[in-house]
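Asks: Please read through the structure below; I'll follow up with questions.
See the structure below:
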């Protein structure tokens, strides 16, 4: 019986990443900062990571996310794309992102 | 390393320590922010009888347990003061009929919930109900990699097969799984197979936890203490597996104190970043703290808030920070690294919780406990004293004596 979650996903512009159900991004009112809650761990993403993670809804592709960020920061699509993919890949390697298509598997 | 995602751990070797980033104060040693995670021991009832159980030898009876309404109030209060994660533990937390209701309440107030379970009481429907109530993570204890040893250690027939079944359901329900394996002389030879079992079960994490000798485990020390050769082999196996399984299975390894050179940073320091709540509602610096006599631990049933008890109660402040330390700890350069090790162990082995933890080479008792460990590992019998409400029962028969 295959698990719906796949580890070690490879992030590309076509990926539609989303946080797995066991990783929760939320604002910690007490400490006034964003955290990712995970099994036995609490992680503290920086502002840029939070902004990108908030775009990861399992519907948007990475390409569409980069479009939004490129407009917002009036920056080059290709340059932002490289940074965003590297960041998302790092999160995926740590088990904090899955591909949306796997949800229906 | 990514600069964008920082693990909230101040020390790379302690992944559960969440203070450094989430507490922007000058010295973590001198300030006591509300812990990120709290352990709720819902009950001491358990169908297993493991001889190393971390519960106190004097178990709380059913009648003294907090009610559903009391636990819900506690969960709300914890969320309100800034706790982020709740670990539902025991005893066996699924022995509480209200567990689904409590998990749902934790979700409602925004707590991330972990279930720490022996798994043997779970049905698939019950696990599904827990998942639907918002349970975020399941940790299942294993006593070995096959029924012969595992069921004997647990003191329960068919326990191992049931655990395997529940672990599979856990992953089918897309819940992350941690396998917790408590290791000792009588099962350490199975470690490689246990690691493979965790991989086969599609676990995310494996805790390889050598027995810590307080309470029930102290009673059973002679039957559990590994040999030095076993510990050396264990370290080798864990190191090899960590490299081989990078990205597949995360392994947390706890070494046995008696063979250590330096004491562990027990609980991250007394009253520094963790507390647990006993079945009767006492707020404790660690699950073994009640073994220390002479400390008065306040309850959620008292007139004080949980935050007040954490910050102000005498029991928490007694061994907090570094001011209480005697020599050789006081002038030790590592005093803010290990915070003096474990108070329960100091009490159990020296009779005074304020003494240097004998796990430290600087303790005058270190050589003695090392020799005790070696002697018991070689000469101790293998029969267990099983954990129960009657104060323990010796394993029948002489089959397991060496």
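Protein chains in written order, with the working numbering: chain S, 1 to 105; chain W, 1 to 402.
Yeah, the Cβ is synthetic: ideal placement off N, Cα and C, and Gly gets one too.
1. Give the range of the beta strand (DSSP E) segment to which residue 45/S is assigned.
2. By the criterion of Cβ-Cβ separation under 9 Å, what are the contact partners of residue 180/W in chain S?
3. Compare the C-alpha of residue 154/W against each of 349/W, 339/W, 278/W, 51/W and name the closest.
4. Considering only their Cβ atoms, is the gap separating residue 210/W from residue 256/W smaller than 8 Å?
5. Anything in chain S within Cβ reach of residue 136/W, meaning under 8 Å, just list it in chain order.
6. Hey, could you find the ends of the beta strand (DSSP E) residue 336/W is sitting in?
7. For chain W, find out if any of its Cβ atoms is closer than 8 Å to the Cβ of residue 95/S; answer yes or no.
8. For the 8 Å Cβ check, are there 3 or more pairs between the segment 37–52 of chain S and the segment 76–93 of chain S?
9. Since residue 288/W and residue 215/W should fall inside the 8 Å C-beta cutoff, what is the C-beta to C-beta distance between them, to a whole number of angstroms?
10. Say whether chain S places a C-beta atom closer than 8 Å to the C-beta of residue 205/W.
11. Using the beta-carbon of each residue, which ones in chain S are nearer than 9 Å to residue 114/W?
12. Which same chain residues end up closer than 6 Å to residue 118/W when comparing Cβ atoms and leaving out the 5 residues on each side of it in sequence?
13. Look at the alpha carbon of residue 40/W and the alpha carbon of residue 382/W, and state the distance between them as a whole number of angstroms.
14. Is the separation between the beta-carbon of residue 33/W and that of residue 219/W shorter than 8 Å?
15. Quick one: complete alpha helix (DSSP H) runs, 4+ long, within the segment 61–87 of chain S?
16. Below 8 Å between beta carbons: does that hold for residue 369/W and residue 349/W?
17. Please confirm if the segment 52–61 of chain W is in contact with the segment 286–300 of chain W, defined as three or more CB-CB distances below 8 Å between the two stretches.
18. Could you confirm whether any beta carbon from chain W is found closer than 8 Å to the beta carbon of residue 82/S?
19. Which of helix, strand or coil does DSSP assign to residue 139/W?
20. With 16 other CB atoms within 10 Å as the buried threshold, where does residue 308/W fall?
21. If you count every other CB in all the chains shown that lies within 10 Å of the CB of residue 331/W, and 16 or more means buried, which is it?
Replies: So, from the data block:
1. From DSSP, the beta strand (DSSP E) with residue 45/S extends over 41–45.
2. Within 9 Å Cβ-Cβ: nothing; residue 180/W doesn't reach chain S, min ~11 Å.
3. Nearest to residue 154/W by C-alpha distance, out of 349/W, 339/W, 278/W, 51/W, is 51/W.
4. A Cβ-Cβ contact shorter than 8 Å links residue 256/W with residue 210/W.
5. Within 8 Å Cβ-Cβ: 21, 22, 24, 37, 39.
6. Looking at the DSSP string, residue 336/W is not in any beta strand (DSSP E); the run it does join, the alpha helix (DSSP H), is 335–338.
7. For residue 95/S, the nearest CB of chain W lies under 8 Å from its own CB, placing it at the interface with that chain.
8. Between the segment 37–52 of chain S and the segment 76–93 of chain S, the count of Cβ pairs shorter than 8 Å is three or higher; the stretches touch.
9. Contact between residue 288/W and residue 215/W is confirmed by a C-beta separation of about 6 Å, below the 8 Å threshold.
10. Using a Cβ-Cβ cut-off of 8 Å, residue 205/W counts as an interface residue toward chain S, since at least one Cβ of chain S sits closer than that to its own.
11. For the C-beta of residue 114/W, the chain S residues within less than 9 Å are, from N- to C-terminus, 39, 40.
12. Excluding sequence neighbours, residue 118/W sits near 48, 92, 141.
13. In this structure, the straight-line span from the alpha carbon of residue 40/W to that of residue 382/W is close to 32 Å.
14. Against a cut-off of 8 Å, the Cβ pair of residue 219/W and residue 33/W comes out as no contact.
15. Those alpha helix (DSSP H) runs which fall completely within the segment 61–87 of chain S and span 4+ residues are 62–72.
16. Taking C-beta atoms as the reference points, residue 369/W and residue 349/W count as a pair closer than 8 Å.
17. Short answer: they touch.
18. No, because no Cβ of chain W sits closer than 8 Å to the Cβ of residue 82/S.
19. Correct three-state label for residue 139/W: strand.
20. By the neighbour-count criterion, in which a residue is buried when 16 or more other Cβ atoms sit within 10 angstroms of its Cβ, residue 308/W is exposed.
21. Residue 331/W should be labelled exposed.
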